[in-house]
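A quick write-up on the structure given underneath.
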Amino acid sequence: MRNPPRTPMTTTLNRPLTVFLSDPVPGITAVPHEDNLRYFNVTIDGPSGSPYEGGKFKLELFLPDDYPMLAPKVRFLTKIYHPNIDRLGRICLDVLKANWSPALQVRTILLSIQALLSSPNPDDPLANEVAEEWKNNEQNAIKTAREWTERFAQ
Amino acid sequence: MPDKRPFFDHSSASRQLEHKSEPQKKGSTEDDFFDWFQSELKTMFSDITSQTVKSLFHEFHNKPEALPLAINAFLDDPQKYQHGDYSRKKELLSSTHSNDNSIYKVDHISEKALEYDLHSKKRRRQLVNWRRYVGTFDVECWCTRYVAGLLDPNEKVLLSKSQSKDNFVHVSRVDMSGNKREIGRFLERHAKIIAPLLERHGIEFSASLSPISNQKLRTGDSFYITLDCFVTDQLFGTRPLDDKDLENSLKSVQHTKSTNSHCVMDEGPALVSLFKKLHLFSDSNQNEEAREVISLEDSEEDNNKKSRDQRLEENDGVLTMNQLKSLYQSTESNVEDKILPDSVPNDFLLELRPYQRYGLSWMLFREQEYDLVGLNNPQVTDEEKEDFKKVMTEISGTKNPLWKECKWPTWSSASNDGICEQSEESFYVNLYTGSCSHYCPMIQNHTYGGILADEMGLGKTITTLALILSCHEDKSYIRPCRRDRYAHKTTLIVVPMALLSQWESEFAKANGNTHRKCYIYYGAETLGDLSLLLCENPTAPTVILTTYGTVQSEAARITKTGNKIGLFSVTFFRIIIDEGHNIRNKSAKTTKAIHSLSSSRKWVLTGTPIVNRLDDLYSLLVFLDLQPWAKYYIWRRFITEPFDQGRDLNDAFALLKSILDPIILRRTKDQKDKDGNLLVSLPSREIIIERLKFNEKEEILYSHLKAKAINVLTENMKAGLVLKNYSSILTHLLRLRQVCCHLDLIRLPFTDISNEDEDLKDSLNLMIDQATEESCRILQDLEKEEEKSKLSLEKQLAMKNEIYQSFPDFDDVECTICTGPIEIETCVITECKHCFCLGCLMEHFNFQSRLHSSINASNNLIVSQLPEVPAISKEVLCPVCRHSIHKNRLLRTFKREFKGCSFSKTDNNEPYLTQMEHMHERDYYIRPFNPYGKSSKINALLSHLQQIYEDNPGDHVIVFSQFTSFLDLVERELKKYTCNFRIFKFDGRLNVDQRQRVLNEFNTKTTDGRITILLISLKAGGVGLNLTIASKAFLLDPHWNNATEFQAIDRIHRVGQSKSVKVVRFIMEGSIEERILKIQERKNQLGEALSMNDEERRKKKVEEIKILFAE
């Protein structure tokens, strides 16, 4: 009978964290900032079999006011050589933009990012030069990516 | 040159007395002598007839001092020498108000007249028994001719008044040879005061030059005169004045006011001003006030430049906020200086608070029941009671407020001459006529009763009932042999209809004596002769309750038939009118009817004795028959006019205060008792404004109507017809306000609603109907479209079955949006059979539609500027599976309750599914979701009520709205949840019995945990009701006037409330209601409702309308 004047945010704020604690994803950590629970420090281990293997990538994740109606904002802090991630660390990922749905969780987002590292998609590029290199000379590109991982993501 | 010389040179004063030599007889023949004799007399007594002169002359002409003797004789017994037309009264009048113009009818005697004036003054001295020095002050003069040297400080000078109408006071010197030459004149501000008094009996001046540094005076130079003032016994009348004199003097004041030219001050005010200048008025307050008067008048000089008429129009008799405030403050009775002992009533079952006990004493005192004051008070001994009785009898009369006390200067005895038999320390001056008296003039107190004006919530009703039960009959009444029509045992109480039952039940609660009865005289039981019931009957009811309407309709019948019937057939022991401001309009029918009821004691109960103009009070005084103020011309002259014209404001104010002081008792909630505690400590009060959003349907209709209204307004603005078409604009506003409440209100016939808004009664016209039709059409179209998009019946059934299968017991269902478990009551299921919290999914819908609209709005912008915006699609997708979903195609789950009442939840418009439901024995059932079924306000109200039901089962709640039709809709909606709520409705359509029943039922506690809800129309239940059983209130729509809402809130926030009060006001976001809030704020700031006339008020209304539509 009741339409509760209930904002989803109040109940969901702490949920990403508790989900992580109860059901941790191997290779991914997310720690909320001390003075801002909407702000997370995230690390993603480079997936095995990818040029990023052995790297530990730092990201920042921020839940905007309209979350979960609006997607969280995620950015790589660690330099990475990837066709879908630009120099500023911005990520080109559909679920972070048009395909966001409030039913998606932070956890699913981070998993998607991890998957993006495994399978770069140069056909939908964000960093154009990297994408070109990836298309034209994949060996070289993978090599560079590996070098960058060693250099920056340790 | 100092302004004032602090000490007086006594020697010079006495020297002056011998200054002038005796007049010489002028002329040698008897004719010459007669001419002189006559002119002398005429100078002194302006309107003495030649007949009188002749007879005086005849009697005294051969005596050595003919003139003095004649004057003496004439003063001793004027009638003796008057033949025919001269009445004593007229003579008295003329002697106190000698007509300035007539004194100097003959122009050519000017120089002579001056001299005679001096002579006659001298002569007057001989008739004076004593004179007393009252003070000295310096007067600035300007020189009218060159005076060289030889100006002796302290030289006596002569004062005289010019013959012309100009208000000059000439200052003349007498040179060695006895010739008199004018050297200067008073400045006008002094002349204004002194000139009228130069002719006056009983006041004498002695003037001398103040030392001047400059020994020469040129024309235009200013110099100072030291003026010593004396009062002689002639100032005082021979007998103390009584009420008759008062009235006469009032009339004469009016008379002289109208005849005199503007520049000449009347003698009376002049005398008063003089005394003020001399600081004679006794207490220090008075002095301050006097000074204030001057400063006030000065500051209003600017205003005076405007024409008086204009100001009159502006004021319109309406008090400004500040005036009203200070008036109220001054009427507040100071608890600390109470003189009466508390009283405890007999046969009274309720406990009175201390201030109420004092109130009872005061009421008994006003009724002159001195034996009863201090009743049952163990702290007061009998002796003390006797003392009180004495004091009370003494102070029973009230000082005539027109008179002010003047202190004789104590340091002046040396300069007094004559035998001063007056040993009193003070004397009294009439502030308006200037008459003086040795005795304090009293207005005898013939009024039994008064005004109990305690602030709302302090228990006026209880105090009054205590009075009635303590003093229920006229003990002094001795039954005459002949039957008369005095209902000496009965108190009539006139109340607004809404309060009738409340009074009855309060009486029943308080009454501890079974012989005391309370009858309700209302409706069918009226008419006929009441004397049988009330006068002869030993078991006559103590209280008869009736309504204003009853009194008025009986009065109307009487004017038709001429027979005294019903309430008018007897004289009551006591009449009490509750909410007495109902009779504030002195020409209203009800007021006249109330005024013509008769009784020996009368009381007015009101929290607001003055609503917005002083005449409001006048009508109450007429009811109380407080003489002489209940005479309109007196009231007008002394109260209304000064306030209207803004002159003598402080005097009028002080007068008003002294009129009210004895008859009014007013305490406020903020006052503290002698221990420093608040009289009433109420629990805290919290008022929350909850802003609600329109749902889409409401939004569409609202913006349509708003566009329409703005259109009408701008057209009218252009044509300058805003005021002319004001009512039609108001009607548009009303429509907007209705949409804020409930869409269905639009469909209701307009006449029903217009009754609820006073301003709109005569505003029906075709244009409005068209607009209404149009909006109804829009509404219908919306509904049709909605119907189209709904799930088909088969689809619904299929979905239900699927859902029942996939969620057999509805545990563990999680909302993917908030990741929390979903409760059955708040679950919605999409077409694609995903479950969400209702709130979460609605948020999703709203967010998506906001996104769409913002994209539509920014169509022209380059997309790169909005990188975060998802792809444009009109559809809203399911968060889980991205299937397109629609609000109209959702399903909702409800908990199935196995109580009898569960089926009452079924919506009337969807009965077709119930049978299917019975086959599934699940603990929930499914209904199609109806997103716009209820108005946003009803939704919000429901969720609040549900919260209350969970947190405080058994609580009581009141819900206010201005629209009874809206309350009907709310009631219909709430009735669907009868296992949670008990619902009552209180509005203007109920008769007295029904009202009583509703209130009684509302006031009973429930045991089953259901919450009790009372829906009240703001107009019918906003005042008077006591609903303290509830501590929560909802105001569904804002009223134009904030005060009305606060009054409504005070129904629960008042004495007797034990819990803290929570009030929620619903406001539709971005709608006209927010603008109404703004206007309320503005009103609070300006207090403007009180300070304008109709024209200005209308202009303000136009401004308000602009605010309402401002973007």
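Top line first, the protein sequences correspond to chains A and B. Note that full-length UniProt numbering has the first sequence beginning at 1, numbered continuously upward. Note that full-length UniProt numbering has the second sequence beginning at 1, numbered continuously upward. Glycine included, C-beta positions come from ideal geometry on N, C-alpha and C.
| Query | Result |
| --- | --- |
| List the residues of chain A whose Cβ lies closer than 9 Å to the Cβ of Arg-882 (chain B), in chain order. | Asn-99 and Ser-101 |
| Pair every Cβ in the stretch 596 to 611 of chain B with every Cβ in the stretch 565 to 578 of chain B, then say whether three or more of these pairs are closer than 8 Å. | yes |
| To the nearest angstrom, report how far apart Arg-311 (chain B) and Glu-386 (chain B) are at their CA atoms. | For Arg-311 (chain B), the predicted structure reports a pLDDT of 38, less than 50, and the residue's modelled location is therefore unreliable. A value from the coordinates is still provided. Whole-angstrom Cα-Cα distance: 54 Å. |
| Quick one: which residues of the stretch 957 to 974 of chain B get their C-beta closer than 7 Å to a C-beta of chain A? List them in chain order. | none |
| Going by C-alpha distance, which of B:Cys-229, B:Leu-655 and B:Val-169 is nearest Tyr-133 (chain B)? | B:Cys-229 |
| Using the C-alpha atoms, what's the distance from Asp-454 (chain B) back to Arg-666 (chain B)? | 4 Å |
| Looking at the structure shown, is Lys-192 (chain B) part of a helix, part of a strand, or coil, going by DSSP? | helix |
| Please classify Cys-840 (chain B) as buried or exposed, where buried requires at least 16 other C-beta atoms within 10 Å of its C-beta. | buried |
| With which residues is His-82 (chain A) paired in a DSSP beta bridge? | A:Ile-85 |
| Using a Cβ cut-off of 8 Å, pull out every chain B residue sitting near Asp-66 (chain A), in sequence order please. | Phe-847 |
| Alpha carbon to alpha carbon, how far is Asp-812 (chain B) from Asn-1026 (chain B)? | 48 Å |
| So that I know if they touch, is there some Cβ in chain A lying closer than 8 Å to that of Thr-893 (chain B)? | no |
| In the DSSP assignment, the beta strand (DSSP E) including His-488 (chain B) goes from what residue to what residue? | 486 to 495 |
| Please name the residue in B:Ile-1013, B:Thr-1004 and B:Arg-997 whose C-alpha comes closest to that of Asn-980 (chain B). | B:Ile-1013 |
| Using a 10 Å radius around the Cβ and a threshold of 16 neighbouring Cβ atoms, would you call Val-31 (chain A) buried or exposed? | exposed |
| Name, in chain order, the residues that DSSP records as bridge partners for Tyr-519 (chain B). | B:Ile-544 |
| Who are the neighbours of His-886 (chain B) on chain A, taking C-beta pairs under 8 Å? | Here the premise fails: no neighbours, minimum Cβ distance about 17 Å. |
| In its own chain, which residues sit with a C-beta less than 7 Å from the C-beta of Ile-1107 (chain B), not counting the 5 before and 5 after it? | Arg-1075, Lys-1078 and Ile-1079 |
| Does His-956 (chain B) pass the burial test, meaning 16 or more other C-beta atoms within 10 Å, or should it be called exposed? | buried |
| Between the alpha carbons of Ser-935 (chain B) and Gln-738 (chain B), how many angstroms are there, rounded? | 11 Å |
| So, with DSSP's three-state summary, where would you put Asp-152 (chain A)? | Note on identity: in this sequence residue 152 (chain A) is Phe, with Asp being the wrong assignment. DSSP places Phe-152 (chain A) in helix when its eight states are reduced to three. |
| For Lys-517 (chain B), which residues in the same chain have their Cβ closer than 7 Å to its Cβ, ignoring the five residues on either side in sequence? | Pro-541 and Thr-542 |
| Would you please state the rounded distance, in angstroms, between the beta carbons of Leu-614 (chain B) and Phe-643 (chain B)? I believe it to be under 8 Å. | 6 Å |
| Pop quiz: Ala-1020 (chain B) and Val-1063 (chain B) are said to be a contact at Cβ under 8 Å. What is the actual Cβ separation, rounded to whole angstroms? | At roughly 19 Å, the Cβ-Cβ gap does not stay under 8 Å, so Ala-1020 (chain B) and Val-1063 (chain B) are not in contact. |
| Note down, in chain order, every chain A residue with its Cβ under 7 Å from the Cβ of Pro-879 (chain B). | Ser-101, Pro-102 and Ala-103 |
| So, does the CB of Thr-591 (chain B) fall closer than 8 Å to a CB anywhere in chain A? | no |
| Beta carbons nearer than 7 Å to chain A: which residues of the stretch 1058 to 1073 of chain B have them? | none |
| DSSP on Phe-76 (chain A), reduced to helix/strand/coil? | strand |
| Using a threshold of 8 Å, state whether the C-beta atoms of Thr-547 (chain B) and His-581 (chain B) are closer than that. | no |
| So Ile-926 (chain B) and Leu-891 (chain B) are supposed to be a Cβ contact under 8 Å. How far apart are they, rounded? | 5 Å |
| In whole angstroms, what separates the C-alpha of Lys-156 (chain B) from that of Ser-206 (chain B)? | 8 Å |
| Roughly how many angstroms lie between the CA atoms of Arg-997 (chain B) and Glu-774 (chain B), to the nearest whole one? | 41 Å |
| Assuming Leu-349 (chain B) contacts Leu-360 (chain B) (C-beta within less than 8 Å), just tell me the rounded distance between them. | That pair is no contact at about 15 Å. |
| Could you check how far apart the C-beta atoms of Ser-273 (chain B) and Cys-141 (chain B) are, in whole angstroms? I think they sit under 8 Å. | Not quite, the Cβ-Cβ distance comes to about 18 Å (not below 8 Å), so this is no contact. |
| In or out: Ala-654 (chain B) buried (at least 16 other Cβ within 10 Å) or exposed? | buried |
| For Thr-606 (chain B), name the three-state secondary structure that DSSP assigns. | coil |
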